[in-house]
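Notes to accompany the following structure.
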Amino acid sequence: MSYFNDKTILITGGTGSFGRAFLKTLLREDNPKSIRIYSRGEMLQYETEKLFPDDRIRFFIGDVRDKERLSRAMNGVDIVVHAAALKQVPACEYNPIEAVKTNINGSINIIDTAIDNNVDRVLALSTDKAVHPVNLYGSTKMVAEKLFMQGNSYSGDIHPTKFSCVRYGNVVGSRGSVVPLFLEQKKSGRLTITDERMTRFWLTLEEGVQFVRKCLPIMTGGEVFVPKIPSMKVIDLAHAMAPDAKIETIGIRPGEKLHEILLTEDEARHTKEYDTFFVIEPELKFWKNGRTGGRSLPEGFRYSSDNNTQWLDKKDFNRMINLSSY
Ligand SMILES: NC(=O)c1ccc[n+]([C@@H]2O[C@H](COP(=O)([O-])OP(=O)(O)OC[C@H]3O[C@@H](n4cnc5c(N)ncnc54)[C@H](OP(=O)(O)O)[C@@H]3O)[C@@H](O)[C@H]2O)c1
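Quick note on this note's numbering: the sequence shown kicks off at 1143 and runs consecutively.
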């Protein structure tokens, strides 16, 4: 029987790319009692409702900044998947306080209301941009990760809410990724890339969803789960998507890195490696888990998009795009 069978699940940001894909999978593969979608925009909720006509879904208009509303929405919830965020790098740079209010204060509200409502577990979505962050988006997600890790210390012993994170790279089929931009630019026969050396980690929405589904039943609270996913140079991606287009290099943008990191050398010291993923375990003294297995990593291990052992070729990437919602 599925872990999600008969559970009430709240998805913050449930109308976004991840949220909809997760919702679709839960309805298809699991048998939840109820799924609550929590987001601000009524139009996106209306469209989501049309896409998934199912009595088990409830739509809550609400902002993660609004603790009272969140508390109402979390009543009777077993699992929270926290996907709501401001995630566009330039928008977060230009509106830093808004990014802090949604990504940091919103996370604090999720932690407080989950504990107060006896939610069993909360899994928050994080990003490689949270690792050694160079932009405000990444910095807010780094703080959010820390808050979720330390959130476990507020949970108490009687009915402890467990908090963990998943951290992954660029999602091919998500809103605002480079893929829709390249598809648009392809029409003019000219693609722009910022730097020829740039590499990124890539996964499909479906892979992100399946990773979250895999982590929720095994989380004990306090871990950051990192999937093993392939890398590709952005210039190779541009060639794969538009082989005949002219590629113009426009220079690295503010807040952009040449390569992304999913696991640092310092984190590697308290990380366990499994066949398809890593688990960064907290260094906190109070943390006890019952998980066995996993291998320790060698001193100096670092998982970054340029030192990856798994690389996508053009064929693989085009297959990923076809699997995504374009
Ligand atoms: N896409 C990627 O490549 C990627 C990679 C790694 C990690 N992630 C993380 O994965 C998560 C989901 O990303 P996504 O690609 O699905 O994003 P998305 O498509 O932009 O969706 C964001 C969702 O959050 C909601 N939202 C935004 N601000 C909110 C607020 N203040 N209160 C309540 N809801 C709010 C949005 O709806 P409304 O605007 O209507 O409120 C929408 O439903 C994010 O946490 C992101 O950091 C994404």
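Built from N, CA and C at the ideal position, the CB exists for glycine as well.
- The beta carbon of GLY1435 lies closer than 8 Å to those of LYS1414 and TYR1416 in the same chain, with the five residues before and after it left out.
- Contact check for HIS1224 and ALA1163: beta-carbon distance about 15 Å, past the 8 Å limit, so the pair fails to qualify.
- DSSP places PRO1322 in the uninterrupted alpha helix (DSSP H) bounded by 1320-1328.
- Secondary structure at LEU1212: helix, using DSSP grouped into helix, strand and coil.
- Apart from the 5 residues on each side of it in sequence, VAL1321 sits with its Cβ closer than 6 Å to the Cβ of VAL1314 in its chain, given in chain order.
- The shortest C-alpha to C-alpha distance from LEU1405 to any of LEU1379, ILE1392, ARG1198 and PRO1440 is the one to PRO1440.
- Contact fails between the stretch 1325-1333 and the stretch 1362-1373, because fewer than three Cβ pairs, one in each stretch, are under 8 Å apart.
- At least one heavy atom of ligand 1 falls within 7 Å of the beta-carbon of ASP1205.
- The stretch 1171-1190 makes no contact with the stretch 1358-1367: fewer than 3 CB pairs, one atom from each, lie closer than 8 Å.
- PHE1201 and GLN1187 have their C-alpha atoms some 7 Å from each other.
- Taking a contact to require three or more Cβ pairs closer than 8 Å, the stretch 1296-1306 and the stretch 1253-1271 qualify as touching.
- Shortest Cα-Cα distance from ALA1382 to any of MET1462, VAL1273 and THR1282 involves MET1462.
- In this structure, ALA1380 lies near ILE1335, with their beta-carbon atoms less than 8 Å apart.
- Assigned with DSSP and collapsed to three states, LYS1304 falls in strand.
- By the CB criterion at 8 Å, SER1213 and ASP1258 fall inside the cutoff.
- Annotation for LYS1283 indicates a beta carbon within 7 Å of some heavy atom of ligand 1.
- Counting only runs that start and end inside the stretch 1382-1454, the alpha helix (DSSP H) elements of at least 4 residues fall at 1407-1410.
- In the three-state reduction of the DSSP assignment, ARG1170 falls in the helix class, which pools H, G and I.
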